[in-house]
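Chains as they are written, first to last, in this note's numbering: chain A, 255 to 615; chain B, 267 to 516; chain C, 29 to 284.
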């Protein structure tokens, strides 16, 4: 029952050439900046947009192929979709929202409601069955939307930023819960998000889209460790530098100035990306001693940002970097913008990998 | 405030000058009861027809992206600017015995529309339906298409989407449009008297009866007007409570 | 606007009249005849009164006759509600009586009589050839409603002929009956002789036998509230004069 799409998506004048496949029980996360084509992909899978060219199959069934004149409308596809704003029908109560798909399948009101009751109970909404959508909380509405989509008995499940409409606290609970429900779904799932944590926790594989192109397609951990583009690096909070590798010295001459000694896989050569976690960099207010196994370079503090129990320090230099320190250290060392500092990072923590996505400058 | 005065003063005039004492007497006359019954039946029928024909029309106007739609929209609003008497003449030319359609109805089916209650309903529908269409079209245009999409992904055909989602969402406007349409149909005079004629129990609605009474017995005419006003207010208030409140909460 | 446009036209007429060297009309400016009067007249008088108004303006240079035609009952209602009429010519004594009783006119004079005639569309689809045909099943007949003169007179005719006619519609005035006949929506209507004549070829007239025919008498009066009583009286006099009667007879009216 896996889903495969290869072709050109179109929405207005926007075009995106993609090849995507999702296996049964696999949750594919789609990550990317606004306008990258995430919702266009989702809408094309749902049948709300037709393919400009190429084909889309679900299991053995052809859903969309302009060259063959095949296009199944949304109502003809076994696809369930959870919209970002949920789009619960305001004139129906929770139960009737969930029973909607059953009614569309031609079930009687009684049977459709009985089936819906099962879904409502399974998602822990039992007490809310006769509430109106405007009488339930955001997290509950999210579950109603999921129950409604699942009640369609879909073979492909689509979720468009399912947690975006929730506040931070609720998001944490719902995320865990949603992961549990998704793991119970037998078909392929495609989940669009721009929240990296959501992507890490809930998906089996990540597809990074930028400007209508796939720039990375890998396991979430791999994406977090070795982001392919500055966008992803920023999302996962990693310092990312592009440069030219000298394999003999394991030194990367960075495009934005400076150089870093990195750990490399054997045989790596040419254009590389260097990923450096902010927590792997040490900040000094006095010049550190020299060592060949680590990188050391001077810089100036340009900004501070409190992130929970640590402080992210922005340092200008060659190269610039984000460095995580403890709030204690900030006080102790008197870190403030304009302060000259030295940065060090072990070569073993400095990860260089081939630049496959050909970075935009 | 001036606007309110302009609307209220004539009604106030009617109320003040009304021979309230005549009302029970007027209500007892068979002729008046005939006219009242005919008015209510024909205005309600016209509204029902306008709902059945006008709502799909409003949907097409709201959702179609064809360029000819703006032309179609002007055609739909035309009966609003047409003097009702001209509308009546137009109806005669279309559905009259020698009209472009009526001629064939007469020849093939032996059916003549003018001077029947059906003609009253037709004239009222012609004049009043644009009110419904315009109101509903505006609401459909403003309605969130996201719900339609959501319904489609749940397996709803276009018809089901329309019936189960779009219509319920615009129900307050639908009710408002129907009420406007009904009120306009109830007060219809010009097109009715021209197209349907004027015969007690068949085509003589309240407005025609009022006009008729005006010629011989202005006092009775005032009483009749008052009766028409009271009945409309009663029905409108009743519907308002039932329909408009209903749209918010079941 | 209308007034401004009319002024030069009036001057031209005056000059023409003067140029023709016509004798000053009897009872001219000296007796206070001049200015504008408004004549409210029954719709059936449209043709005759338009001619007479023209005559009047020619006879009394400097005077203008504004004509307002309508159903007699409507006109009476308007006058009683203060409409600025100087002369009222009604198609029925009933409506005149209403105005007189309200104190808005005095001493009405009968000036014409109108009898009934059957009007049928030119192709006569109902094959109507006489009064009896109007009572036949399947013949669609339009009448005036009984509350207006043409309606009550029509019913008087049927009573005299001993027939019972069931109209498909009761119109508010005789013009509406005539229209429904002319466009072929009904097979026949009972209207005034004068209406058939003024409709030209649009309807065909079938006479009602004199023995059963009924008529209505047309009264005329200057109104009490007239701002120009001398001119109003002069117009009434013209209608009653030989010239007035000739014009009315030409259009099918009988003498009162």
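The beta-carbon is built from N, C-alpha and C at its ideal position, and this holds for glycine as well.
With DSSP as the reference, label residue 442 of chain A as helix, strand or coil. coil
Cross-strand partners of residue 82 of chain C (DSSP beta bridge): Looking at the DSSP assignment, residue 82 of chain C forms no beta bridge with any residue, so it has no partner.
The stretch 126-137 of chain C touching the stretch 157-170 of chain C, judged by at least three CB pairs closer than 8 Å: no
Closer than 9 Å to chain B by CB, residue 244 of chain C: no
Using a beta-carbon distance below 9 Å, is residue 477 of chain B in contact with chain A? no
Close-in-space but distant-in-sequence residues of the same chain around residue 436 of chain B (CB under 8 Å, 5 per side omitted): 402, 405, 406, 409
Starting from residue 315 of chain A, trace the alpha helix (DSSP H) both ways and give me its first and last residue. Element bounds for residue 315 of chain A: not the alpha helix (DSSP H) but the beta strand (DSSP E), 315-319.
Tell me, please, whether the CB atom of residue 79 of chain C is closer than 9 Å to any CB atom in chain B? no
Let me confirm a value: residue 318 of chain B is counted as buried when at least 16 other C-beta atoms fall within 10 Å, else exposed. Which label applies? exposed
For residue 198 of chain C and residue 141 of chain C, the rounded distance between their alpha carbons: 23 Å
Taking only beta-carbon atoms, is residue 410 of chain B less than 9 Å away from chain A? yes
Report the three-state DSSP secondary structure of residue 291 of chain B (helix, strand or coil). helix
For residue 108 of chain C, which of helix, strand or coil comes out of DSSP? helix
If we count Cβ pairs, one from each stretch, closer than 8 Å, do we get three or more for the stretch 64-84 of chain C versus the stretch 98-114 of chain C? yes
Kindly list the residues whose CB is nearer than 8 Å to the CB of residue 373 of chain B, restricted to its own chain and excluding five residues on each side of it in sequence; keep chain order. none
Which residues in the same chain have their Cβ closer than 8 Å to the Cβ of residue 363 of chain A, if we skip the five residues on either side of it in sequence? 353, 357
For residue 396 of chain B, report the span of its alpha helix (DSSP H) as first-last. 383-408
Buried versus exposed, by CB contacts within 10 Å (16 or more), residue 295 of chain B: exposed
Neighbour list for residue 302 of chain A in chain B, Cβ cutoff strictly below 8 Å: 415, 418, 419
Partners in chain B for residue 355 of chain A, counting only beta-carbon separations shorter than 8 Å: 420, 421
Please report the distance separating the alpha-carbon of residue 502 of chain A from that of residue 277 of chain A. 42 Å
Are the beta-carbon atoms of residue 560 of chain A and residue 594 of chain A separated by less than 9 Å? no
Straight-line gap, residue 378 of chain B to residue 218 of chain C (C-alpha atoms, nearest Å): 21 Å
Among all the DSSP beta bridges, which residues are the ones paired with residue 571 of chain A? A:553
Cβ-Cβ distance between residue 345 of chain B and residue 392 of chain B below 9 Å: yes
Would residue 505 of chain A pass as a contact of residue 516 of chain A if the rule is Cβ separation under 9 Å? yes
Do residue 453 of chain A and residue 283 of chain A count as a contact pair if the criterion is CB distance below 9 Å? yes
From the beta carbon of residue 284 of chain C, is the nearest beta carbon of chain B less than 9 Å away? no
Option nearest residue 459 of chain A by Cα separation, candidates A:280, A:396, A:365: A:280
Kindly say whether residue 439 of chain A, judged by its beta-carbon, lies nearer than 9 Å to any beta-carbon of chain B. no
So, helix, strand or coil for residue 188 of chain C, using DSSP? helix
Would residue 261 of chain A and residue 302 of chain A qualify as a contact pair, given that the criterion is a beta-carbon distance under 9 Å? no
From the DSSP output, which residues share a beta bridge with residue 335 of chain A? A:412
Among A:538, A:401, A:544, nearest to residue 583 of chain A - alpha-carbon criterion: A:538
Could you tell me the alpha carbon to alpha carbon distance between residue 57 of chain C and residue 268 of chain C, rounded to whole angstroms? Low confidence applies to residue 57 of chain C: its pLDDT is 43, below 50, so where it sits in the model is not reliable, and the reading given next is rough at best. Taking the straight line joining both Cα atoms gives about 21 Å.
Within the chosen definition, does the stretch 92-106 of chain C reach the stretch 209-228 of chain C through at least 3 CB pairs nearer than 8 Å? no
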